[in-house]
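Visitor: Pasting a structure here, questions to come.
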Amino acid sequence: MIQNNKYQIIYNLTGGASDTKKTKNILLDGTSSSGKSSICKILHTQLEYECQQLDYVWQSKDFEKFYGQEYNKLPNDYVTSEFKKNVSQIIIAQFILQLSLKTPKMVIDWVIPKFIIQEFKKNKEPLFVILVYAGLEKLSQNMIARKAELDPRKSFVFTQFSERVIKTDKKEEIIDKVNRKNFKQILLDNFKMNFTSLKDLEEFCNSTFKKMEIEDDKDHGIKIRPEYKYDYLLNTNGKSKDEVIEEVISIIL
């Protein structure tokens, strides 16, 4: 059974309690096109949160300077393969932490939460993590809307989706249901321009579902993978933008 309770607190990370200190810094996690940017902007206009969209922070002169300073501090020594792979993410997490120390209230919009969570936890700075979930149909609707606004997103959005969820048969864990045949139809109806042929589209469809441990065309329940930590799961399926914002505000005030 899909969880459809209106508000659901998840006690995985910092406690899931809606007190002012814990919601001083809010991290919006979720795939691209899940609705994070809209939430970030509205929290800025309605509740005076500083909205940090890391797609733009990444390109800023302030971060460029900070990155150079931090990178120059690295000793001339061998590093782990994980550090080598993620050094930019580690430094941007440090940059965001420094911004939070200068900002009364901040909301962070980013698709790679791990290093920000680690950096804030290490420095005992409060961070409330909201995982913004949109199912495959909702994602496709959001992507079509972004395309109309001349801000298109390609099939990597669905790859991000499959990296965040996995099949489950436990009713209490199910947040949504997916069907490979239905997903293929979504791709055929809306996203053929991202593929070179029907075979290419079908291979992408099959590999996307295989990552979720699904290799047939039946309905399957899915859950968030355990490595993704959050305080609150915001399921946007079947909700208008106003309903989503109302829910977010209700948990942080």
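Under this note's numbering, residue 258 is the last one in the sequence shown; the count climbs by one each step, no gaps.
We treat Cβ as the ideally placed atom computed from N, Cα and C, and that holds for glycine.
Computed from a prediction, not measured in an experiment: that's the story for all the values here.
1) Keeping to the same chain, check which residues put their C-beta closer than 7 Å to that of S145; ignore five residues upstream and five downstream.
2) Taking 8 Å as the cut-off, decide whether the C-beta atoms of S255 and A139 are in contact.
3) Rounded to the nearest angstrom, how far is the Cβ of F100 from that of D236, given a contact under 8 Å?
4) Using 8 Å for Cβ pairs, my map puts I135 next to I180. What's the rounded Cβ distance?
5) Going along the chain, which residues of its own chain have a beta-carbon closer than 8 Å to the beta-carbon of T268, five neighbours each way excluded?
6) Would you check if the distance between the CB atom of I250 and the CB atom of I31 is smaller than 8 Å?
7) What does a CB cutoff of less than 7 Å around F209 pick up in its chain, not counting 5 residues either side in sequence?
8) Tell me, which residues are paired with N211 by DSSP?
9) On the DSSP letters alone, give me the boundaries of the beta strand (DSSP E) that L33 sits inside.
10) Candidates S93, H49, S167: which alpha carbon is nearest F68's?
11) Can you tell me where the alpha helix (DSSP H) with V170 in it begins and where it stops?
12) Could you tell me if R230 is buried or exposed, where buried requires 16 or more neighbouring beta carbons within 10 angstroms of its beta carbon?
13) Expressed to the nearest angstrom, what Euclidean distance is found between the alpha-carbon atoms of K107 and K29?
14) Grab me the residues of D222's own chain with a C-beta within less than 6 Å of its C-beta, minus the 5 sequence neighbours each way, in chain order.
15) Going by DSSP, which residues form a beta bridge with N240?
16) What's the gap between the Cα of I47 and the Cα of E124?
17) Give me the DSSP bridge partner(s) of V84.
18) Short of 6 Å in beta carbon distance, which residues of its chain neighbour I97, apart from the five on each side in sequence? Order them along the chain.
19) Please report the distance separating the alpha-carbon of E252 from that of I219.
20) In the DSSP assignment, what residue or residues form a beta bridge with C56?
21) If I measure Cβ to Cβ from S167 and keep anything under 6 Å in the same chain, skipping five residues before and after, which residues do I get?
Guide: In brief:
1) I191, N195
2) no
3) Contact doesn't hold; Cβ gap of about 23 Å is too wide.
4) Not confirmed; about 14 Å, so no contact.
5) Residue 268 lies beyond the range of the chain shown here (6 to 258); nothing can be said about it.
6) no
7) S160, F200
8) DSSP output for N211 lists no bridge partner at all.
9) 30-34
10) S93
11) Here V170 belongs to no alpha helix (DSSP H); instead the beta strand (DSSP E) covers 170-172.
12) exposed
13) 12 Å
14) R185, K186
15) Y138
16) 26 Å
17) For V84, which the question treats as bridged, DSSP gives no partner whatsoever.
18) none
19) 31 Å
20) V112
21) T213, K216, M217
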